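Numbering follows this note's numbering, in which position 36 of the sequence shown is assigned residue number 136; successive positions increment by one, without gaps.
Written below as structure tokens is the structure these notes are about.
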Amino acid sequence: EKKWLDLPWQKVRKSVEVKLFEQDGELYVLAKSEGRRAKETAMRRKRLARLLKTLRALRQSLPSRDQLLMRLGAAKSEAGRAFQFVHLQVPGEKQEVTRETFQFHVDKKKLQQAEWRDGTTCFARTSPQKTLPCSGRAMCN
Numbered sequence: 101e102k103k104w105l106d107l108p109w110q111k112v113r114k115s116v117e118v119k120l121f122e123q124d125g126e127l128y129v130l131a132k133s134e135g136r137r138a139k140e141t142a143m144r145r146k147r148l149a150r151l152l153k154t155l156r157a158l159r160q161s162l163p164s165r166d167q168l169l170m171r172l173g174a175a176k177s178e179a180g181r182a183f184q185f186v187h188l189q190v191p192g193e194k195q196e197v198t199r200e201t202f203q204f205h206v207d208k209k210k211l212q213q214a215e216w217r218d219g220t221t222c223f224a225r226t227s228p229q230k231t232l233p234c235s236g237r238a239m240c241n
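The following block contains the structure:
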């Protein structure tokens, strides 16, 4: 990962930059696109906003615990990966649903890290015919 940081970005198109790194006979390409970054951020924020609206509505209506859990499951399904940025506190099995027992907040640090990675993709090219997504999680989506 440190080797990636030292390499300069090369502009290949108006809004696309790449870094090339060769190791063990494989060529790694790290690509960054501002257009893709904007698109990924907008899609995530739209899903997150919809999820937060649903959670606020649930907090206002305070359904039974069973109904709350079912609605949370539906909200999680609809939110997709945006759900990972919200921390939930749900009432215990014998607890009543109140504003104190049902709470949520956005993990801003985790959201910022995801937005920092938006628009960046890594590929490993082992031969002229074969290009595979990079397996390194630190720099790749």
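For glycine and all other residues, C-beta sits at the position ideal for the given N, C-alpha and C.
This structure is a prediction, so every number in the text was calculated from the model and none was measured.
Mapping the DSSP letters down to three states, classify residue i as helix, strand or coil.
{"i": "E193", "result": "coil"}
{"i": "L162", "result": "coil"}
{"i": "S115", "result": "coil"}
{"i": "C240", "result": "Any reading at C240 is ruled out, since the residue's pLDDT is 43, under 50, leaving its predicted position unreliable."}
{"i": "T154", "result": "helix"}
Measure the C-alpha to C-alpha separation of residue i and residue j and round it to an integer number of angstroms.
{"i": "L130", "j": "T220", "result": "7 Å"}
{"i": "S235", "j": "Q123", "result": "With a pLDDT of 46 at S235, under the threshold of 50, the modelled position of that residue is not reliable, and the figure given next carries that caveat. C-alpha separation (whole angstroms): 14 Å."}
{"i": "S115", "j": "R217", "result": "16 Å"}
{"i": "K208", "j": "F202", "result": "19 Å"}
{"i": "W109", "j": "A142", "result": "25 Å"}
{"i": "V206", "j": "G125", "result": "43 Å"}
{"i": "M170", "j": "E215", "result": "30 Å"}
{"i": "Q160", "j": "G192", "result": "19 Å"}
{"i": "K111", "j": "K210", "result": "29 Å"}
{"i": "K132", "j": "A138", "result": "11 Å"}
Measuring alpha carbon to alpha carbon, tell me which residue in the options is nearest residue i.
{"i": "L148", "options": "E122, A182, P163 and A157", "result": "A182"}
{"i": "E196", "options": "L120, R150, L162 and V118", "result": "L162"}
{"i": "A174", "options": "Q189, L158 and H187", "result": "L158"}
{"i": "T198", "options": "K153, R136 and S164", "result": "S164"}
{"i": "D253", "options": "E117, R150 and F121", "result": "Any question about residue 253 goes unanswered here, given that the chain covers just 101 to 241."}
{"i": "A204", "options": "Q184, G135 and Q213", "result": "Residue identity differs from the one stated: residue 204 is Phe in this sequence, not Ala. Checked all of Q184, G135 and Q213; the closest Cα to F204 is Q184."}
Counting C-beta neighbours from all protein chains within 10 Å, is the total for residue i 16 or more, i.e. buried, or is it exposed?
{"i": "R237", "result": "Legend: pLDDT at R237 = 42, less than 50; position of this residue unreliable, no value from coordinates given."}
{"i": "A179", "result": "buried"}
{"i": "K194", "result": "exposed"}
{"i": "R144", "result": "buried"}
{"i": "V186", "result": "buried"}
{"i": "S177", "result": "exposed"}
{"i": "K119", "result": "buried"}
{"i": "L242", "result": "In the structure displayed, the chain extends from 101 to 241; residue 242 sits before or after that span and is not available."}
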